[in-house]
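According to my numbering, numbering within the sequence shown proceeds without interruption in unit steps and concludes at 1230. For glycine and all other residues, C-beta sits at the position ideal for the given N, C-alpha and C. Computed from a prediction, not measured in an experiment: that's the story for all the values here.
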Amino acid sequence: IGGGIIGSSTALELAERGLRVAVCEKGGIGQEQSSRNWGWVRITRRDPREVPLMAEALRIWKRLDERTGRDTGYRRSGIIFTCSDDKQYAEHERWNRNLEGYQLDSRMLSGRELSEMFPNSTLKLKGALYNADDGRAEPQKATPAIAEAARDKGAHVLTECAVRGIETSGGAVSGVVTELGPIRCKAVVLAGGAWSNLFAGNMGIDFPQLKVMNSVLRTKPLEGGPEQAIWHEDFSIRKRQDGGYTIASGHENVVHIVPKSFRYAKAFMPALRAEWRSLIFRLGFRFLDEARIPSRWSLDEPSPFEYNRVLDPVPSKRLSDRALAAARRAFPVLERAEIAQRWAGYIDVTPDAVPVISPIDEVPGFYLASGFSGHGFGIGPAAGRLMADLVTNSTPIVNPKDFRFNRFRDGSKIELISGF
């Protein structure tokens, strides 16, 4: 359920293993956050619990074009996380120890080395964390390429086909009901992104998940800008395959206050305390919009997913303009950059900013892959492989313990570990 990069990657893995697979997507393939993200393929500055899985993802991305027979826009280009002062430099240096043993070209740069790398930049910094093995891909190309490859392997890819709910026999999954009719099956993977909480809730499963909105712009092609993707406190930038640049704020996101904000306030309080400087809270019509969405429905009536095919929020022009202005100050060549497009997307987040990739114990045959907290695009192909391992009861590609759903209800300490 869900035709984003997680659902499509899972489908490709399962189809390649010879299983009969259907992907049901209420809108179009990759039309929500999977096509609205920055396009970074990074292991750097991730939550340490995600590092082993992302290391596998880097290996998968390297041959993804060959595997799918299509262009995903992927290239190993390097990513830089800048450090403005000694404290930040030390923090990045400590984080880099998470990559020891992975044989990746990840190292600290001095301010002088950074200036030599970007001689036309005005940035005056303490230094940076640079990983030459990180890369970039094109969000608008990657997920459709993966879904089409899954179809080549025999998967049925059904768009504008919302799943209303799951049917069970003896408590275990026996099928799904879609708006176009039923599909019999023995396993269901919910990879619904920002919609997963609503879908799971109709089954009586409480998945603590909220949304944050990130605003992005892209420029027309421009010569002379940086090749590497760069994170700075005031902006993020990465070169696009067409020669333009994707630019967004380095840390600011909008949080719309909605009814579930109050429901999950306690669960998200540690994250709020850690990230409050980066969050811009808004109370407006979104509260009423979500309050009107039914939390329960029967499988013989239209579901909420049939009334909203694609989440397409209005971007914050102020935030993206501020990021562009900061990027132009850092790289004067961007003064010539023309804005080609603006957009926003809803990021599905969990209280610890770590995804769930897990079976749901109370419904045998039901699996959840969601809550990627803005990290899903790069890690997506490996997350799909891990989920396929769980569905087929194969040896998992990495230890799935940190991604288990039950961590939210078995008394485990839920904590936000410094990543990015």
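On the criterion of 16 or more Cβ atoms from any shown chain inside 10 Å, does residue i qualify as buried, or is it exposed?
i                  : result
proline 1112       : exposed
alanine 952        : buried
leucine 1093       : exposed
threonine 820      : buried
valine 923         : The sequence shown places glutamate at residue 923, rather than the valine named in the question. With fewer than 16 Cβ atoms within 10 Å of its Cβ, glutamate 923 is classed as exposed.
leucine 1129       : buried
isoleucine 811     : buried
glutamine 761      : Outside the displayed range of the chain (811 to 1230) lies residue 761, so it cannot be described from this structure.
arginine 769       : Because the chain in this structure spans residues 811 to 1230, residue 769 falls outside the shown range and cannot be described.
alanine 1010       : buried
asparagine 965     : Per the sequence shown, residue 965 should be read as alanine rather than asparagine. Buried.
arginine 1028      : buried
alanine 1162       : Per the sequence shown, residue 1162 should be read as aspartate rather than alanine. That one is buried.
alanine 900        : exposed
phenylalanine 1095 : exposed
lysine 897         : exposed
tryptophan 1041    : buried
tryptophan 905     : buried
isoleucine 1207    : buried
arginine 1217      : buried
glycine 1194       : buried
glutamate 1172     : exposed
proline 1104       : exposed
methionine 1023    : buried
glutamate 823      : buried
arginine 974       : buried
valine 1124        : exposed
serine 1222        : exposed
lysine 1049        : buried
proline 929        : exposed
glutamate 1037     : exposed
glutamate 842      : buried
arginine 1219      : exposed
glutamate 1148     : exposed
Considering Cα atoms alone, identify which of the options is closest to residue i.
i                  : options                            : result
isoleucine 815     : Gly840, Val831, Ile1207, Arg917    : Gly840
threonine 988      : Pro1104, Glu903, Glu1116           : Glu1116
leucine 939        : Ala965, Leu1134, Val1173, Gly888   : Gly888
serine 1236        : Leu1196, Asp1158, Pro1191, Gly1155 : Only positions 811 to 1230 of the chain appear in the structure, and residue 1236 is not among them; the question remains open.
threonine 978      : Ile1189, Thr1202, Ser1180, Gly1175 : Gly1175
serine 1046        : Arg946, Leu1098, Ile1207           : Arg946
histidine 1185     : Arg846, Leu1000, Asn1012, Arg1028  : Arg846
glycine 1231       : Arg873, Met927, Ala1001, Arg1087   : Only positions 811 to 1230 of the chain appear in the structure, and residue 1231 is not among them; the question remains open.
glutamate 862      : Asn1024, Ala1192, Phe928, Met1023  : Residue identity differs from the one stated: residue 862 is proline in this sequence, not glutamate. When only C-alpha atoms are compared, the closest one is Ala1192.
glycine 849        : Glu823, Arg880, Tyr884             : Tyr884
lysine 1076        : Pro1125, Ala942, Leu1020, Ser1204  : Leu1020
tyrosine 1055      : Thr1160, Met927, Arg1146, Leu1109  : Arg1146
phenylalanine 1182 : Gly1188, Asp1158, Asn1012, Val851  : Asp1158
alanine 1039       : Met927, Cys834, Leu1178            : Met927
glutamate 1225     : Thr1160, Met864, Leu1098, Arg1102  : Thr1160
proline 954        : Trp1153, Gly879, Pro1018           : Gly879
alanine 1154       : Ala1101, Val1120, Pro1142          : Val1120
lysine 1070        : Asp1212, Lys1211, Gly1188, Phe1097 : Phe1097
isoleucine 1211    : Val851, Gln843, Val833, Glu860     : Isoleucine is not the amino acid found at residue 1211; the sequence shown has lysine there. The shortest Cα separation from lysine 1211 among Val851, Gln843, Val833, Glu860 belongs to Glu860.
arginine 886       : Met1013, Gly1188, Phe1213          : Gly1188
alanine 832        : Val851, Glu876, Pro992, Trp1107    : Pro992
leucine 1109       : Met1013, Leu909, Asp962, Leu1200   : Met1013
phenylalanine 1072 : Ala942, Phe891, Cys834, Pro1018    : Pro1018
Tell me whether residue i, by its Cβ, gets closer than 7 Å to a heavy atom of the ligand ATP.
i             : result
arginine 1083 : Ligands displayed in this structure: none; no statement on the ligand ATP is therefore possible.
Assuming residue i and residue j are in contact, meaning their beta carbons sit under 8 Å apart, how far apart are those beta carbons, in whole angstroms?
i              : j                  : result
glutamate 1043 : serine 894         : 7 Å
alanine 960    : valine 967         : 7 Å
leucine 933    : alanine 1140       : 5 Å
arginine 830   : threonine 1202     : Not quite, the Cβ-Cβ distance comes to about 13 Å (not below 8 Å), so this is no contact.
isoleucine 853 : leucine 914        : 7 Å
leucine 1089   : asparagine 1063    : 6 Å
serine 1025    : serine 925         : Serine 1025 to serine 925, Cβ: 30 Å. No contact.
glycine 937    : glycine 921        : 5 Å
alanine 997    : lysine 836         : Their Cβ separation, rounded to whole angstroms, is 20 Å, which puts alanine 997 and lysine 836 out of contact at 8 Å.
isoleucine 956 : isoleucine 1170    : Not a contact, Cβ separation roughly 24 Å.
glycine 838    : threonine 969      : 5 Å
aspartate 944  : isoleucine 1227    : Going by Cβ atoms, the distance from aspartate 944 to isoleucine 1227 rounds to 19 Å, so no, they are not a contact pair.
valine 999     : alanine 1179       : 6 Å
valine 1164    : phenylalanine 1215 : Between phenylalanine 1215 and valine 1164 the Cβ distance is about 11 Å, and since that is not below 8 Å, they are no contact.
**Message:** With a threshold of 8 Å, are at least 3 pairs of Cβ atoms found where one atom belongs to the region 1022 to 1037 and the other to the region 991 to 1008?
**Reply:** Too few Cβ pairs lie closer than 8 Å, so no.
**Request:** Spell out a yes or no on whether the region 858 to 870 and the region 1056 to 1071 are touching, meaning 3 or more CB-CB pairs, one atom from each, closer than 8 Å.
**Result:** No, because fewer than three Cβ pairs between the region 858 to 870 and the region 1056 to 1071 fall closer than 8 Å, the two stretches do not touch.
**Message:** Please give the ranges of any beta strand (DSSP E) in the region 1047 to 1103, keeping only runs that are unbroken, at least 3 residues long and fully inside the region.
**Reply:** Those beta strand (DSSP E) runs which fall completely within the region 1047 to 1103 and span 3+ residues are 1055 to 1058, 1063 to 1066, 1089 to 1092.
**Asked** Which parts of the region 1110 to 1144 are runs of the alpha helix (DSSP H), unbroken and 4 residues or longer, counting only runs that do not cross its ends?
**Response** The region 1110 to 1144 contains these whole alpha helix (DSSP H) runs: 1127 to 1140.
**Item:** Whole runs of the alpha helix (DSSP H) within the region 910 to 983, excluding any shorter than 4 residues
**Value:** Listed in chain order, they are 921 to 927, 949 to 962.
**Prompt:** In chain order, which continuous runs of the beta strand (DSSP E) of length 3 or greater are located wholly inside the region 819 to 849?
**Reply:** Scanning the region 819 to 849 for uninterrupted beta strand (DSSP E) segments of 3 residues or longer gives 832 to 834, listed from N- to C-terminal end.
**Message:** As an exercise, report each continuous alpha helix (DSSP H) stretch of at least 4 residues that is fully enclosed by the region 1138 to 1205, in chain order.
**Reply:** Residue ranges of uninterrupted alpha helix (DSSP H) with 4 or more members, entirely inside the region 1138 to 1205 and ordered along the chain, are 1186 to 1201.
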